[in-house]
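Just below is one structure, and these are the notes that go with it.
Numbering (the numbering used here), first residue to last: 10 to 411.
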């Protein structure tokens, strides 16, 4: 009975799981982790918001991809195509929704690319996206499922539960974000009374994902944990290279099967690249990352001060317990290829970095690793130097790891 019921829901369940895919993300791109569409079964709605009250955005483009990463021509309320150019006014919300016309339940992912602005004013052109699915029965909406948008990660945890007699199953979607094969280890920890004691070992499974592959599985499938009939606890995942993760809980109810998406808790997460403009004499909080342009108050959270002494003398000064490791002058590709393991292997110190004119240190490509005031690891690169009459402001690329 368990397998019969399980097979009857696996098609829709896998489609709902099959998200969180992306290639290596470019700056100011947002992943919509999964898009599902199927005639009479499911459709996806994406609400894209211009977060600015001062600027319209006319260079937003949304791309739809199939699970294998190829363009997905999809029927939507904006027409039928694999990509759409969007223009959104100040504080406006723009909806893109699939029409639920695909034959069978089909799934993929999307990327929202924001090309508005430049490194100096990119923060003025910010957009966000919220996603949910409408589950259909006989043409009627019977359920909605919200999809959390998370971050690429190397290590994560998600609660899981299995109760075969009740048709209760946890699932997991994994997407290899790397251009090479990626080994992922899944470790279960069994939770049981008394809860003030330690959880017990629930078993380990290892899978290898080919480049860019998106794979969705329920945990009871072959190759994972097929012997689990009753289980409640936590899954801890570790990947050699960044992956995207989404959890799903299937629940049987009198009205039919229902689904809930589960956001992973990141134990070691990569924040995709941010562009930050750092004026002379101001501080950077690399954990966010942000620069307090208006208040100029670091509130004890900044990681370094770009100290202005004179028109020719400047320093990068660690703040609030943060420490530095110099990475030298790196190209964009060299900087992007630095992994968290590379950063963790460096020797850090609280030594100020002299970027005065006579040192030659202040140049495009100057890169440093930071152990932040909150204990995270970040890498920062000077992408552009904006020279004023007395100032040298910096446009920075920032990656932050937890």
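For glycine and all other residues, C-beta sits at the position ideal for the given N, C-alpha and C. Predicted model only: the values in this text are computed from it and were never measured.
Please name the residue, chosen from the options, that lies closest to residue i on a Cα-to-Cα basis.
i           : options           : result
residue 325 : 361, 390, 345     : 361
residue 101 : 62, 260, 275      : 62
residue 116 : 231, 90, 368, 77  : 77
residue 358 : 373, 178, 335     : 335
residue 165 : 172, 194, 189     : 194
residue 337 : 43, 372, 328      : 372
residue 46  : 71, 118, 352, 103 : 118
residue 248 : 83, 348, 211, 49  : 348
residue 376 : 221, 406, 311     : 406
residue 237 : 255, 212, 253     : 212
Quick check: the Cα distance between residue i and residue j, rounded to an integer number of angstroms?
i           : j           : result
residue 272 : residue 225 : 15 Å
residue 294 : residue 191 : 32 Å
residue 409 : residue 147 : 46 Å
residue 354 : residue 161 : 21 Å
residue 31  : residue 321 : No answer about residue 31 holds up, because its pLDDT of 34 lies below 50 and its placement is not dependable.
residue 400 : residue 323 : 10 Å
residue 289 : residue 64  : 25 Å
residue 215 : residue 196 : 9 Å
residue 314 : residue 363 : 12 Å
residue 138 : residue 302 : 25 Å
residue 291 : residue 300 : 7 Å
residue 261 : residue 178 : 9 Å
residue 135 : residue 122 : 11 Å
residue 156 : residue 270 : 6 Å
residue 366 : residue 404 : 18 Å
residue 170 : residue 378 : 39 Å
residue 368 : residue 327 : 19 Å
residue 392 : residue 350 : 23 Å
residue 312 : residue 356 : 17 Å
residue 120 : residue 266 : 29 Å
residue 286 : residue 221 : 32 Å
residue 240 : residue 172 : 7 Å
residue 74  : residue 316 : 45 Å
Does DSSP classify residue i as helix, strand or coil?
i           : result
residue 410 : strand
residue 30  : Because the pLDDT at residue 30 is just 33, under 50, the model does not fix this residue reliably, and the point stays unresolved.
residue 332 : strand
residue 208 : coil
residue 233 : coil
residue 367 : helix
residue 349 : helix
residue 199 : strand
residue 288 : coil
residue 174 : helix
residue 125 : coil
residue 341 : helix
residue 43  : strand
residue 77  : coil
residue 100 : coil
residue 376 : strand
residue 115 : strand
residue 387 : strand
residue 35  : Only weak support is given to the placement of residue 35: the predicted model assigns it a pLDDT of 44, under 50, and the value that follows is read from those uncertain coordinates. Here residue 35 sits in coil by DSSP.
residue 412 : Residue coverage of the chain in this structure runs from 10 to 411, which leaves residue 412 outside it and unanswerable.
residue 268 : strand
residue 92  : strand
residue 57  : strand
Rounded to the nearest angstrom, how far is the Cβ of residue i from that of residue j, given a contact under 8 Å?
i           : j           : result
residue 199 : residue 242 : 5 Å
residue 69  : residue 97  : 6 Å
residue 9   : residue 153 : For the chain, the structure presents residues 10 to 411; residue 9 sits outside this window and is missing.
residue 114 : residue 85  : Wrong, their Cβ atoms sit about 17 Å apart, outside the cutoff.
residue 275 : residue 257 : Going by Cβ atoms, the distance from residue 275 to residue 257 rounds to 18 Å, so no, they are not a contact pair.
residue 228 : residue 181 : 7 Å
residue 163 : residue 298 : The Cβ separation is near 19 Å, so there is no contact.
residue 167 : residue 244 : 5 Å
Buried or exposed: residue i, going by 16 or more other Cβ atoms within 10 Å of its Cβ?
i           : result
residue 94  : exposed
residue 330 : exposed
residue 149 : exposed
residue 398 : exposed
residue 59  : buried
residue 394 : exposed
residue 318 : exposed
residue 387 : buried
residue 443 : This structure cannot settle anything about residue 443, because the visible part of the chain is limited to 10 through 411.
residue 185 : buried
residue 129 : Note that residue 129 scores 49 on pLDDT, short of 50, meaning its location in the model is unreliable and no value can be drawn from it.
Would you check whether the ligand FMN has a heavy atom nearer than 7 Å to the C-beta of residue i?
i           : result
residue 122 : Annotation note on the ligand FMN: not contained in the displayed structure, which lists no ligands.
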